[in-house]
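Going by our numbering, the residue at position 368 of the sequence shown is 349; the numbering climbs one at a time, nothing skipped.
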Amino acid sequence: MKIISKFFLTFFLSVSLGAFAQQSSEKPKLIVGIIVDQMRQEYLYRFSDRYSEGGFKRLMKEGFMMKNGHYNYIPTYTGPGHASVYTGTTPATHGVIANNWYSKSLKRSVYCAEDTTVYNIGGTPRAGQISPRNLLSTTITDELRLSNNKRSKVVGIAIKDRGASMPAGHLGDAYWFDSESGEFMTSSYYGDKLPGWVQKFNEQKQVQKYLQMTWEPLFPANTYVNSIDDDNNFEQPFIGKDAPVFPYDLSKLNENNGGAGMISSTPFGNSLTFDFAYAAIEGEKLGKGEETDFLAVSFSSPDYIGHRFGPSSMELEDNYLRLDREMEKFLNFLDKEYGERNYLIFLSADHGVAEIATHMESENIFAGNVNVGYIRSQLIGYSNYVYGEGDWIENVSNDQVFLNHKLIQEKEIDLDDMQEDLANFLLRFRGIKEVYTAHTMRSTEFGSGRAKLLQMGYNHKSSGDLLLILEPGWLTGGPRGTSHGTGYTYDTHVPILFYGWNVPAGSSTRYATITDIAPTLSMLLNIRLPNGATGQPIHEIFE
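Here you go:
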């Protein structure tokens, strides 16, 4: 009996000590927010047979995934996407209604991260007037810093400036890639000089090393069975190549394809971003202090690749197979630096992407391209015919029409009636499914459907007079390449994945939205919600 008792005591102690060793710390040492630009949820499954066990598969198996996660507004673009994930609300509240939009007061297009009061620190002047000033609500990264009198460090990094500045919030530091100089830079909003670790990284000239490489498939080309033929008429070739086909000798192509900026359109842009992430962790000593730090990383290259080659291309598949292996390396690094359960990751995307319209047409699927220039000219002609000669149409962009309110008032025309009349006129054109007026957006509360998504993206001060919704599968572009921006599932269905500190393994098919990410982080960390948040915490993680 004593031998048996001793055995059970030893077993109990070993299990208890093992369980204790797996317990997470009181708070995570580091949070890593990962946004993969243009990543559909389906990519987690479609290419999984060749994913490594330690990359995306590890996050899915050991983390918690909302398999039915969506964007809950229109338009689904990069700037609004990053802003919405980190603020926990939609453009109706945080004000970033597109990447660029027409300013009614300035009478010109403004950029989402534009700030003419600041200047470049490093890089070039053209790329330096960047800050989060157009973001009208706080972010989860802001609230983390405010929760402890700004003792937490926050660093946002990306190739795209908007992919770095929006997640870093108003109180963090942001660094982005300057395609002209080939260096990472920031603006005077964040400080008056580059930290030493950024200068040291730039001196290594990593981008030049990558641009001497050749991008060729990671596996034999004939094994890419989840993609269409490499040589086709739907993808956009690089200048200097007759067809969009492997291999891509970057040393020969980069001069005519953006110079250093060409790296953005290859998987090596992800590699460069990872390189800079490692440098940031070391340089800022992230996760090494008493407070939780936050690293916000956005991988911009999948978006550039997706726009050019489309979601069914070999290039896109190869990009994700390579990104998966980089992710495995990164997770192993975090394990070594902080301990497996002492850091917290979330992974999502800023939007999805549509199939190339001409590809869908070739498969006898209803799709097409809308000629925006033609529709605009017809709208101008109709307005002049009905209301008299005048500059009635100020701007047409982002599937929105901006009318000349001053002229309408001078001519004593009823604005609401004119909006309704022009909306009906636009419905005549093939590819346009629905048109909503600003008056309807302001006077009617929509509870479901595309109208609700449109309303969640409608900002009373910034949005246009007419808001268009295209038919499923229709784009505003040319015969090659693709885009995004709609409220259809190919643009809204993205990963929502949590992993690490205090996160159980599991999944749910319940409908969830990307605006739930920030509130979930707030509840995990026991800090204040971002001040404009409208999302709800993902309760399954806390059960």
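We treat Cβ as the ideally placed atom computed from N, Cα and C, and that holds for glycine. Please read these numbers as outputs of a predicted model, since none were measured by experiment.
Sequence-distant Cβ neighbours of T418 in its own chain, meaning closer than 8 Å and more than five residues away, are D397, Q400, E401, A404, D446, L447, L448. In terms of Cβ geometry, R27 and N207 form a close pair [threshold 8 Å]. Looking at the DSSP output, S168 shares a beta bridge with N101. Between the C-alpha atoms of I209 and N203 there is a straight-line separation of about 11 Å. By alpha-carbon distance to I522, the top candidate from V226, S503, A514 is S503. DSSP places I140 outside any beta strand (DSSP E), giving it a letter other than H or E. Excluding five sequence positions before and after H63, the CB atoms of its chain that fall closer than 7 Å to its own CB belong to I16, R143, G144, M147, P148, S279, D331, given in chain order. The beta-bridge partner set that DSSP reports for R89 consists of S84.
As far as DSSP is concerned, M437 takes part in no beta bridge. Residue burial is scored here from C-beta neighbours: S86 has fewer than 16 other C-beta atoms within 10 angstroms and is therefore classed as exposed. In terms of CA proximity to P283, P248 leads the group S84, P248, E7, F255.
Under the criterion of beta carbons closer than 8 Å, G153 and G172 do not qualify as touching, at roughly 12 Å.
In the DSSP assignment, A64 falls outside any beta strand (DSSP E) and within the unbroken alpha helix (DSSP H) covering 59 to 68. DSSP assignment within the region 322 to 390 yields the following whole alpha helix (DSSP H) runs of 4 residues or more, N-terminal first: 338 to 343, 353 to 368. In the three-state scheme derived from DSSP, where H, G and I count as helix and E and B as strand, D397 is classed as helix. In this structure V179 is in contact with F165, their Cβ atoms being roughly 6 Å apart against a cut-off of 8 Å.
Residue state for G264 is assigned as helix, using DSSP reduced to three classes. Comparing C-alpha distances from N183 to each of G163, Y191, L11, K174 shows the shortest one belongs to G163. As the crow flies, the alpha-carbon of D30 is around 12 Å from that of D305. Cβ contact annotation for F410 (same chain, cutoff 6 Å, sequence separation greater than five): I356, in chain order. The secondary-structure analysis by DSSP pairs D230 across a beta bridge with T195.
Contact between the region 291 to 301 and the region 189 to 202 is present, with at least three C-beta pairs closer than 8 Å. The straight-line gap separating the alpha-carbon atoms of A493 and S378 is approximately 29 Å. Per DSSP, reduced to three states, the secondary structure at D212 is coil, with no helix or strand assignment. Shown here, M243 sits in a helix according to DSSP, grouped into three states. S424: member of the alpha helix (DSSP H) spanning 419 to 424, first to last residue.
Taking the Cβ atoms as the reference, G513 lies roughly 6 Å from H75, within the contact range of under 8 Å. Taking all protein chains in view, the Cβ of Q19 is crowded by 16 or more other Cβ atoms within 10 Å, so the residue is classified as buried. If you ignore the 5 residues before and after D256, its C-beta comes within less than 6 Å of the C-beta of Q187, all in its own chain and listed in chain order. Taking Y319 as the centre and dropping the five residues before and after it, the same chain places the C-beta of K10, L11, G268 closer than 7 Å to its C-beta, in chain order. Look at E124 here: in three-state DSSP terms it is helix. Taking a C-beta distance under 8 Å as the contact criterion, S118 and P511 qualify as a contact pair. Membership of W157 in the beta strand (DSSP E) is indicated by the continuous run 154 to 159. For N237, DSSP records no beta bridge to any residue. Judged by beta-carbon spacing, G412 lies beyond the 8 Å limit of L388, meaning their Cβ atoms are not closer than that value. Inter-residue distance for S168 and G104 is about 9 Å (C-alpha atoms, whole angstroms).
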